[in-house]
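Please read the structure below before turning to the comments.
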Amino acid sequence: MIRLRGITKIYRTGDVEVPALVDARLDIADGEFLAIMGPSGSGKSTLMNILGCLDRPTRGTYELDGQFVHKMSDDQLAMIRNRRIGFVFQSFNLLARLPAVEQVELPLIYRGVHNRRKLAMQALADVGLADRTHHKPTQLSGGQQQRVAIARALVTRPSIIMADEPTGMLDTKTSRDVMETFARLNAERNLTVVFVTHEPEVAAYTRRVVHIRDGRIVDDDAARAEAAGASGPASAAAPAPAQATA
Amino acid sequence: MIILDTMLIAIRALGTNKLRTGLTMLGIVIGVGAVIALIAAGQGAQKGVTERVNGLGSNLIFVRPAQTQQGGVRGQIATSLTTQDAAALNDPKLLPQVVGVTAQSNATTQAIANGVNVSTTLTAADPNYPAVRNFYPAIGRFITDQDVSSDALVTVLGSTVATELFGSPQSAMNQTVRLAFGPGGRFGFNFQVVGVMQTLGSSSSTNQDDQVFVPISTLQSRIRFLRNPLGQTNVQQITVKVAKSSQIGVTKNEITNLLLQRHGGTQDFTVLSQSDLLATANQVSRTLTILLGAIAGISLVVGGIGIMNIMLVSVTERTREIGIRKAVGARRGDILLQFVVEALIVTIAGGIIGIVIGVVAARLANGHNFGGSSAVQTVVSPLSIVAAFGVSAAIGLFFGIYPAFRASRLDPIEALRTE
């Protein structure tokens with residue numbers, strides 16, 4: 039359960055203040071599958087970093103499962119990143135020299151888990167890489183690298199997966215594999231999946247799309263449905279046009 | 185995070201850049217090795233001094249002439265002590281605890297035989313010398329009372345001199361040696377060899393095997409130019425042996441009083457025990473040890489700065505890695521620990537290698553004279569090993585903590601943005 043209220047992020051370059059995100063309001067229920075779309079520089083990555091607890095808002099409140107994340111210290115945020123959120127990056131962000139299984143073990147090391155190897159192997163198997171566990175990133179294709187990164191995000195059994203343009207560096211077919219993996223995890227495990235993309239065909243996998251432009255959330259399927267008087271939960275993928283005419 | 189995991193991560197990180205790790209470590213290796221080896225040399229010098237002083241015999245008190253100062257005028261050195269003083273000190277009625285007294289004078293001489301000419305130390309001694317100094321002839325005899333009373337031209341050779349002149353101690357017996365004195369050896373007498381001293385071995389700069397002995401009276405009566413302006417030939421040292429070491433302090437005072445009486449109240453002599461000699465000599469060698477240690481310590485600090493430099497470079501290079509680790513949940517402390525442990529592994533490993541090299545170098549140097557006149561003696565003390573190890577670990581901690589702190593403070597987003 040994520041609740042953002044008045045989230046604003048301002049970057050300061052010398053005397054110039056650049057607002058990257060202005061007064062963002064967003065609710066994400068458990069088990070949602072949600073895409074954030076917007077052109078480059080629209081603030082979607084800033085929003086993603088704040089959602090992923092990698093960055094802190096300048097103003098506003100961020101409530102995650104009843105905890106006020108915006109008030110937390112660096113180390114508390116690290117704990118949230120370690121236990122509650124799995125983050126997947128556009129550029130994979132794997133460590134260059136480690137084999138896949140050790141990449142996946144990384145969050146478990148910081149968590150102090152003992153049977154790491156077993157859990158990491160399981161997570162790799164879950165993303166279809168059971169036969170690539172000892173390959174290093176340079177020996178893996180882009181899609182395989184991203185699936186290692188997904189396994190790394192999954193291995194701590196988080197309730198939320200955040201992905202910042204996870205298919206941005208992948209070709210169409212591999213993109214489809216990765217998105218199908220996300221869709222399956224969302225369906226099978228009731229995992230909340232939030233990701234940023236600017237490709238409509240990728241966003242089409244989701245049931246809810248949030249549009250962002252110039253740092254402001256300009257269009258949100260759920261908000262629109264709510265405004266139109268829809269009574270269903272935000273997670274329900276409501277065919278917006280139908281309700282708009284009602 | 186478990187410390188073992190941190191160590192494995194650190195070792196792997198160090199292993200990816202072996203050359204750099206090796207060169208960084210080399211700074212510590214050289215520093216620690218230098219500290220160990222140089223302190224071993226300094227302590228060896230100290231041990232040499234101790235051995236030399238103890239090698240003089242045991243329970244000894246040395247009486248030597250001192251410069252006097254009367255009305256601002258410095259008196260002549262070496263004019264105060266006489267063989268009569270020595271006899272008085274040997275009087276059991278005056279000093280019952282004294283078990284032996286010997287008087288001696290020293291000069292440099294050229295010993296010539298078989299066309300071989302060696303420069304050596306002449307010791308003019310009396311018959312009590314072997315018992316007091318615990319240094320006896322191996323072959324033949326020492327100087328006797330009769331030699332002294334007749335100013336006999338007899339000599340007892342140190343084993344080194346005997347070997348240099350005659351090839352072996354045995355073949356030196358009953359041979360004639362010319363002992364020459366003065367500039368260019370102008371004055372000289374032929375002495376008959378009546379004995380060769382036992383070999384004490386040389387571990388220090390004063391080699392007791394490299395001297396020749398003649399009766400003290402012979403020196404006093406025949407070699408006139410060694411006399412002082414007053415026409416006296418005085419003794420340069422009176423050595424007093426007491427029965428027990430506990431008597432040394434009291435006896436020193438009694439000797440001082442007795443000689444003051446005999447010299448009309450003038451303190452023209454000094455009375456020193458072996459521990460006094462040791463204290464003076466040790467002060468010098470301790471200064472030497474500190475000096476050598478300090479020089480080596482500087483190289484250790486330089487090595488530590490090298491560690492810091494490389495760790496800072498490493499943190500900069502691995503910014504992205506730090507960002508990734510933070511993104512998956514590493515806390516500040518985890519990152520801090522990782523880099524500190526890396527620095528510690530480099531310094532501790534370097535320290536261990538340095539200790540091995542230092543100890544081996546000290547062992548190899550031991551007994552070699554490196555072109556000098558005497559052999560270098562080295563003593564590796566366990567304390568210096570423990571200290572070097574501790575210091576290298578402390579250097580790792582001290583110079584590793586700042587780069588590690590910088591790494592731990594990196595912002596994950598900023599860190600991930602770097603290439």
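Chains X and V, in that order, give the protein sequences. Using the numbering used here, you'd call the opening residue of the first sequence number 39 and step up by one each time. Using the numbering used here, you'd call the opening residue of the second sequence number 185 and step up by one each time. No residue lacks a Cβ here, since even glycine has one placed at the ideal position from N, Cα and C.
Counting C-beta atoms within 10 angstroms of its own C-beta, residue 49 of chain X has fewer than 16 neighbours from the protein chains shown and is therefore classed as exposed. Of all residues in the segment 511 to 536 of chain V, only 511, 512, 513, 514, 515, 516, 518 come within less than 7 angstroms of chain X when Cβ atoms are compared, listed by chain position. Excluding residues up to 5 positions away in sequence, 295, 297, 298, 300, 302, 356, 361 lie with their Cβ nearer than 7 angstroms to the Cβ of residue 349 of chain V in the same chain. The Cβ atoms of residue 210 of chain V and residue 480 of chain V do not sit closer than 8 angstroms to each other. Taking every protein chain shown into account, the CB of residue 186 of chain V has fewer than 16 other CB atoms within 10 angstroms, so this residue is exposed. Under the Cβ distance rule, residue 496 of chain V does not count among the residues neighbouring chain X, no pair being separated by less than 8 angstroms.
With 16 or more other CB atoms across the displayed protein chains lying within 10 angstroms of its CB, residue 108 of chain X is buried.
For residue 303 of chain V, the enclosing beta strand (DSSP E) covers residues 300 to 309. Residue-level contact by beta carbon fails for residue 52 of chain X and chain V, as no gap is shorter than 8 angstroms.
Between residue 205 of chain V and chain X, the shortest Cβ-Cβ separation is not below 8 angstroms. CA-to-CA, the gap between residue 582 of chain V and residue 508 of chain V works out to about 26 angstroms.
Within the segment 499 to 510 of chain V, contact with chain X at the beta-carbon level (separation under 9 angstroms) is assigned to 504, 505, 507, 508, 509, 510.
Per DSSP, the continuous alpha helix (DSSP H) segment holding residue 209 of chain V begins and ends at 202 to 239.
The Cβ-Cβ distance between residue 445 of chain V and residue 289 of chain V does not fall below 8 angstroms. Annotated as distal: residue 377 of chain V and residue 403 of chain V, with beta-carbon spacing of 8 angstroms or more.
DSSP places residue 105 of chain X in the strand class (E or B) of the three-state scheme.
With a 10 Å radius around the Cβ and a threshold of 16 neighbouring Cβ atoms, residue 113 of chain X comes out exposed.
Counting only the Cα atoms, residue 511 of chain V lies some 17 angstroms from residue 138 of chain X.
Within its own chain, the residues whose Cβ lies closer than 6 angstroms to the Cβ of residue 99 of chain X, once the five positions on either side in sequence are excluded, are 43, 108, listed in chain order.
Against chain V, the beta carbon of residue 45 of chain X has no neighbour under 8 angstroms; the closest one sits roughly 15 angstroms away.
Collapsing the DSSP output to three states places residue 47 of chain X in a strand. Contact fails between the segment 270 to 278 of chain V and the segment 320 to 331 of chain V, because fewer than three Cβ pairs, one in each stretch, are under 8 angstroms apart. Taking C-beta atoms under 8 angstroms as the contact rule, residue 423 of chain V and residue 547 of chain V fail to qualify, at a distance of about 36 angstroms. Interface flag for residue 125 of chain X against chain V is set, since a Cβ pair is found closer than 8 angstroms. For residue 585 of chain V and residue 519 of chain V, the gap between their C-alpha atoms comes out near 11 angstroms. Secondary structure at residue 269 of chain V: helix, using DSSP grouped into helix, strand and coil.
For residue 143 of chain X, the secondary structure class from DSSP, reduced to helix, strand or coil, is helix. Neighbourhood of residue 596 of chain V in chain X, by CB distance below 7 angstroms: 92, in chain order. Interface residue (Cβ-Cβ distance to chain V less than 8 angstroms): residue 42 of chain X is not classified as such. With three or more CB-CB distances shorter than 8 angstroms, the segment 153 to 162 of chain X counts as touching the segment 128 to 144 of chain X. Contacts with chain V at 8 angstroms (Cβ-Cβ) include residue 147 of chain X. Judged by beta-carbon spacing, residue 212 of chain X lies within the 8 angstroms limit of residue 181 of chain X, meaning their Cβ atoms are closer than that value.
Here residue 564 of chain V carries a coil assignment [DSSP, helix/strand/coil]. Under DSSP, residue 200 of chain X forms a beta bridge with X/125, X/232. Against chain X, the CB of residue 186 of chain V has a partner CB under 8 angstroms away; the residue lies at that interface.
Per the Cβ contact rule, the segment 231 to 242 of chain X is in contact with the segment 75 to 95 of chain X (3 or more Cβ pairs under 8 angstroms).
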